[in-house]
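Here the structure comes first, spelled out in structure tokens, and everything after it is commentary.
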Amino acid sequence: MLRLADVVVRYRMAREKPRTLQEYLIHRLRGGTIAYEELLALRGVSMEVEKGETFGIIGPNGAGKSTLLKVIAGVIKPTRGTVDVRGRVAPLIGLGAGFDPELTGLENTYLNASILGRSRKEIEARLPAIVEFAELGEFIHSPLRTYSSGTVVRLAFAIATEVEPDILLIDEVLAVGDEHFKAKCQKRLLGFKARGTAMVLVSHAMPEVRRLCDRVLWLDHGAPRMCGDPGSVVAAYIEATREASDGDRRS
Amino acid sequence: MVAALAEVADIVRHRELLRNLVIRDIKVRYKRSVLGFVWVMLNPTLTMLVLSVVFAELFRVTLKDYTPYVLSGLVLWLFFAQSTSVALKAFVGNRPLITTVALPKAVFPLSVVLSALVNLLLSSIPLFGLLAVIGVPVSRHVLMLPVAIFELFVFACGVGLTLSTLTVFFQDMMYIYDVFLLAWMYLTPIFYPVSIIPERFRWLVRINPMIHYLNAFRASVYMESPTLGADLWYGLVWAVIALVIGWALYHRYKDRIVYYL
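For the protein sequence lines, the chains are C and B, in the order given.
Everything in the first sequence is counted per the working numbering, starting at 1 for the first residue and increasing by one.
Everything in the second sequence is counted per the working numbering, starting at 1001 for the first residue and increasing by one.
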């Protein structure tokens, strides 16, 4: 379904970044050169996710988890290595990013669906199910700005998952919404899993990772530190985090 | 070359998104006003009324058919100014989408120019209405009108791509372009005839691409102009130059945009 081989993401960032043309020109006119810094966001990550498998990615902040997800989503091109994605990817990241508050729920549904690469026909057939999942009823014809934030997320989640994806990318998505919504999402995700959708989950919630994932990758400074069954990887990760914070306290 | 074609194919694949973005722009623009679409046509008409009073009565600009002169200039300039200054924010404004979904990013500035084009076509209606009311005959070169508009559309796409890409890296582009656009507007004969420009500033007229689009537009709407053919050729050359620069810049930096947003 999904195979990454030795993926490296390296990019240059100006050390003192001139953020304006004015600064840039002044800097250049004074004969200054721009010092670039090489940033290695991912250093040789390989992973493979099979059909129906749930793959967890854990690690401290800045370890490259989101970058890895963006590589899989196709937003970032790897500097080296290969990314082989078979099937339709649905990113459950930044839910509702393409929504416009002035448009109705229905208009937003069509817009959002086309952002995700779904055709109008496809989405039209699924409309009743989307409205039902989002618990919108007649409100689908009201402007989005009148919705509660919970409803917006429900609608976005419904659009992204209604047309069955082959690979689902999840970045802390279950952290939003109330208990009722979380339960609903989890139920749907488990249904996907049963039907063969591969899932890649980035999370800081270790109990969730342990419960949902079949395999877990622990990233540290962009490099894979450990990969394997959730029980042992999560245990090792928690152990290392505790040692690190103990060390901080001692010093 | 192959990579550029692949990007174009990707945009074509996302044509439904492009269409939805254009529809969104138009709907959002007029949704909350009671008059709705009427505004598109009313806006340039009212501005023209003000300008023809100010320039024709107060400054005593003497020019045959001054009212259609101003209105046509205004309609065309507004298309260019609006499309490029909105396209400038196309990448920075769509940051949440660009950083999460794999899309050919060029659809964002492109959709902005396309929706401005719809506006231009709508606001051409009162222009022709006005010609009928004041009894100025439509030009016999009216068939060249789509050509003139298409050339300016391509030119605006090129400028829009350039600006939207630069704005990702230089945040002050917006302010620079605002001032630039203001100067450009005054250097373009929208409200005044070219003849009032002093001889020593004529070179500014010659290097201004907008003049050719404006001349061609006016000539194919109502004005007699011996230079229509030349203007269309110059317009084509400028459009190709703008598109090549814009596309090259976009293509070179498109994979790096995501790091800077």
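Ideal Cβ positions, reconstructed from N, Cα and C, are used throughout, including at glycine.
- About 16 Å separates the CB atoms of B:Val1113 and B:Ala1148; that is not less than 8 Å, and the two are not in contact.
- Counting only runs of 4+ residues, the alpha helix (DSSP H) found wholly inside the stretch 1072–1101 of chain B occupies 1090–1093, 1095–1098, in chain order.
- Nearest CB-CB separation between B:Gln1171 and chain C: below the 7 Å threshold.
- DSSP, reduced to helix, strand and coil, places C:Thr104 within a strand of the structure shown.
- The alpha-carbon of B:Phe1153 is positioned some 45 Å away from that of C:Val45.
- DSSP links C:Ala223 through a beta bridge to C:Asp220.
- Residues are counted here when their Cβ sits less than 7 Å from a Cβ of chain B; for the stretch 16–42 of chain C these are Arg19, Thr20, Leu21, Gln22, Tyr24, given in chain order.
- Against chain B, the CB of C:Ser232 has no partner CB under 7 Å away; the residue lies outside that interface.
- Exposed is the label assigned to B:Lys1064, since fewer than 16 other Cβ atoms lie within 10 Å of its Cβ.
- Within chain B, no residue has its beta carbon less than 7 Å from that of C:Leu217; the closest one is some 20 Å off.
- Pro91, Ile93, Gly94, Ala97, Gly98, Asp100, Glu102, Leu103: these are the residues of the stretch 80–105 of chain C whose beta carbon lies less than 7 Å from some beta carbon of chain B, given in chain order.
- Taking C:Ala236 as the centre and dropping the five residues before and after it, the same chain places the C-beta of Trp218, Met226 closer than 8 Å to its C-beta, in chain order.
- The alpha-carbon separation between C:Leu155 and C:Gly94 amounts to approximately 13 Å.
- Annotated three-state conformation of C:Met199 is strand, per DSSP.
- Under the Cβ distance rule, B:Tyr1234 does not count among the residues neighbouring chain C, no pair being separated by less than 7 Å.
- Chain B places a beta carbon closer than 7 Å to that of C:Val75, counting this residue as a contact.
- In this structure the stretch 1002–1021 of chain B does not lie against the stretch 69–80 of chain C, because fewer than three pairs of beta carbons, one per stretch, are closer than 8 Å.
- Per DSSP, the unbroken alpha helix (DSSP H) holding B:Leu1228 starts and ends at 1228–1253.
- In this structure, B:Asp1172 lies near C:Gln22, with their beta-carbon atoms less than 7 Å apart.
- With respect to the C-alpha of B:Asp1255, the residue from B:Trp1039, B:Leu1214, B:Ile1190, B:Val1168 having the closest C-alpha is B:Val1168.
- In terms of beta-carbon proximity, C:Ser149 stays away from the interface with chain B, with every pair separated by 7 Å or more.
- Contact between C:Phe133 and C:Ala158 holds, since their C-beta atoms are separated by about 4 Å, short of 8 Å.
- One alpha carbon belongs to B:Ile1190, the other to B:Ala1081, and they sit about 13 Å apart.
- At a beta-carbon threshold of 9 Å, the residues of chain B lying near C:Tyr11 are Arg1256, Tyr1259, ordered along the chain.
- Counting only the Cα atoms, C:Ala73 lies some 19 Å from C:Lys193.
- The straight-line gap separating the alpha-carbon atoms of C:Phe99 and C:Leu106 is approximately 11 Å.
- The beta carbon of B:Ala1102 falls within 7 Å of a beta carbon belonging to chain C, placing the residue at that interface.
- For C:Tyr11, the enclosing beta strand (DSSP E) has its first and last residue at 2–14.
- Listed in chain order, the non-local C-beta contacts of C:Val152 below 6 Å within the same chain comprise Gly96, local neighbours out to five positions each way being set aside.
- Distance check between C:Arg118 and each of B:Thr1099, B:Leu1017, B:Leu1117, B:Leu1214 places B:Leu1017 closest, using alpha-carbon atoms only.
- Taken through DSSP and simplified to helix, strand or coil, C:Tyr36 comes out as strand.
- Identification of chain B residues near C:Leu111 by a Cβ-Cβ cut-off of 7 Å yields Asn1020, Arg1024, ordered along the chain.
- Contact between the stretch 230–246 of chain C and the stretch 202–216 of chain C is established, with three or more Cβ pairs separated by less than 8 Å.
- Just so you know, the alpha carbons of C:Gln186 and C:Asp166 end up roughly 17 Å apart.
- For C:Gly247, the three-state secondary structure derived from DSSP is helix.
- Taking a contact as a CB-CB distance under 8 Å, the pair C:Gly222 and C:Leu103 does not count as one, their CB atoms being some 39 Å apart.
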